[in-house]
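S.K.: In this text, residue positions in the sequence shown follow the working numbering: the first is 4, and each later residue adds one.
For glycine and all other residues, C-beta sits at the position ideal for the given N, C-alpha and C.
Because the structure is a prediction, the values reported are computed rather than measured.
Pasting in a structure now, in structure tokens, and then I'll have a few things to ask.
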Amino acid sequence: MTSPTAPTPTAPERGSPHPAPPRDHAFPHGPPRRPTRMRIAGTNPWSVTVMSFFFLTGLGVCVLGVALATSVLLGLVAPGEWPSPWQTLIIATGVVALEILLGTVLACLCGFMYNYTARFSGGVEVALTGDLTDPPPAARALRLLTRPHTRARRAEADPGPRQP
4 MTSPTAPTPT APERGSPHPA PPRDHAFPHG PPRRPTRMRI AGTNPWSVTV MSFFFLTGLG
64 VCVLGVALAT SVLLGLVAPG EWPSPWQTLI IATGVVALEI LLGTVLACLC GFMYNYTARF
124 SGGVEVALTG DLTDPPPAAR ALRLLTRPHT RARRAEADPG PRQP
């Protein structure tokens with residue numbers, strides 16, 4: 004005797020106009036999934052330091068690029084009124100180096116402080132769930148308020164057929 008199971012989608016045959024039906028999830032008739040919980044009870048200060056260094060270095064490169072582009076554009080718009088692009092690049096490099104140094108030290112200190120406070124509080128717990136419950140009342144009210152506004156904008160944009 005066989006137990007009833009959900010039909011398993013098969014691969015479509017060659018030349019078949021209909022593809023295989025998609026699966027919603029692995030066990031369609033299984034129990035509902037419980038939320039996944041993750042507790043962050045501590046950090047590795049060295050990893051925090053390295054990641055903050057790389058992040059701040061990337062941010063610094065972006066700042067240098069924007070500063071150079073802005074300096075070149077200002078030099079084209081008003082020549083002689085602004086510092087040269089080389090002067091701007093030297094000053095921006097100093098500021099970015101200071102930002103990387105102070106930001107990395109601050110991130111390392113924050114990692115140590117988090118480890119210290121996580122000993123007493125247990126850390127941070129994050130729950131991930133696939134349950135999509137009803138939105139809070141404020142979100143529902145906002146959705147209801149935006150619908151008439153959207154309809155009014157569409158009506159203004161497309162007044163419809165004109166009468167002769």
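What separation, rounded to the nearest whole angstrom, lies between the Cα atoms of Q194 and G78?
M.R.: The question about residue 194 has no answer here: the residues shown for the chain are numbered 4 through 167.
S.K.: Just to confirm, are L109 and T39 a CB contact at a threshold of 8 Å?
M.R.: Position 106 of the sequence shown, counted from the start, is the residue given in the question as residue 109. Position 36 of the sequence shown, counted from the start, is the residue given in the question as residue 39. No, they are not a contact pair.
S.K.: From A70 to A160, what does the alpha carbon distance come to, in whole angstroms?
M.R.: Taking the sequence shown and counting its residues from 1, the one referred to as residue 70 is at position 67. Taking the sequence shown and counting its residues from 1, the one referred to as residue 160 is at position 157. Rounded to whole angstroms, A70 to A160 spans 41 Å at the Cα level.
S.K.: Starting from A81, trace the beta strand (DSSP E) in both directions and tell me its first and last residue.
M.R.: One-based indexing of the sequence shown puts residue 81 at position 78. Taken as a continuous stretch (DSSP letters only), A81 belongs to no beta strand (DSSP E), as it is neither H nor E.
S.K.: Compare the beta carbon distance of Y117 and T46 with 8 Å and say whether it is the shorter of the two.
M.R.: Within the sequence shown, residue 117 is the residue found at index 114, counting from 1. Within the sequence shown, residue 46 is the residue found at index 43, counting from 1. Yes.
S.K.: Tell me which residue opens and which closes the beta strand (DSSP E) that R37 is part of.
M.R.: Within the sequence shown, the letter at position 34 stands for residue 37. From DSSP, R37 is part of no beta strand (DSSP E); its letter is neither H nor E.
S.K.: Here's a check: name, in chain order, each residue in its chain whose Cβ is nearer than 6 Å to the Cβ of G114, leaving out the five neighbours to either side.
M.R.: Residue numbering aside, residue 114 sits at position 111 when the sequence shown is read from its first letter. Closer than 6 Å at Cβ, skipping near neighbours: T46, P48 and V51.
S.K.: Specify the secondary structure class of A70 as computed by DSSP and reduced to three states.
M.R.: Locating residue 70 in the sequence shown gives position 67, counting from the first residue. DSSP places A70 in helix when its eight states are reduced to three.
S.K.: Roughly how many angstroms lie between the CA atoms of L59 and R42, to the nearest whole one?
M.R.: Within the sequence shown, numbered from 1, the residue matching residue 59 stands at position 56. Within the sequence shown, numbered from 1, the residue matching residue 42 stands at position 39. Approximately 27 Å, taken between the alpha carbons.
S.K.: Restricting to Cα atoms, I'd like to know which of A155, T96 and A121 is closest to V66.
M.R.: One-based indexing of the sequence shown puts residue 66 at position 63. For V66, the nearest C-alpha among the options comes from T96.
S.K.: Rounded to a whole number of angstroms, what is the C-alpha to C-alpha distance between G83 and V75?
M.R.: Sequence index remark: in the sequence shown, residue 83 carries index 80 (1-based). Sequence index remark: in the sequence shown, residue 75 carries index 72 (1-based). So the two alpha carbons sit approximately 11 Å from each other.
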